[in-house]
Structures are given as structure tokens and as C-alpha cells.
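> Using numbering that gives the first Met the number 0, the letters of the sequence shown correspond one by one to residues 0 to 74.
I have a structure here, written as C-alpha cells, and I will follow up with some questions on it.
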Amino acid sequence: MDIDTEELRASLTPREENEAIKSYQNTVSVACPACGEPFDDLVVCKQNPTSLDLSKRLDLCVGVDDDKAYIFTHS
């Protein structure tokens, strides 16, 4: 998967950031680079390893750029 992360993040709304992750909300229906469908949120993992506590069941698409995992959530 080839992700243009700079362009992608510029199109999304920042939501949360801490030492381990940074999350963005897709408020403009940007297509997921993995499956082509609009995604809900993007989670960028800044630490390796990173643990995520998901509060609901989600479909996930995952890509890697610059040694960071990019997780695209679909509800």
C-alpha cells in the first residue's frame, strides 16, 4: 500500500494525541487507500509496540509508512 500521508492527514480532522498514537476523524469521506471505501477514523501508531483499546467492533485496514502503522477504521 502506497500512502501519501501528508496529503491524507491534511484532509482529516485531528482528534486525539498522546505518546503512543495520534487519531484523526474523516469528516469529508476520504477513500481508504487499502480498500477504496470511505473510512471513519485514522489512527497513527507512533510507538512500537502500541496497544489499542477498542470500545466497539470495527473493520480495520492497515498500512505502514515511515515505520509507523496507519490503521483505518470502518464501522
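We treat Cβ as the ideally placed atom computed from N, Cα and C, and that holds for glycine.
If I measure Cβ to Cβ from D65 and keep anything under 8 Å in the same chain, skipping five residues before and after, which residues do I get?
T4
> By the three-class DSSP mapping on this structure, what secondary structure does A30 have?
strand
> Could you give the distance in angstroms between the alpha-carbon of L41 and the alpha-carbon of E18?
Taking the straight line from one Cα to the other gives about 16 Å.
> Mapping the DSSP letters down to three states, classify A19 as helix, strand or coil.
coil
> Cα-Cα, which of E16, S22, V27 and I20 is closest to S10?
V27
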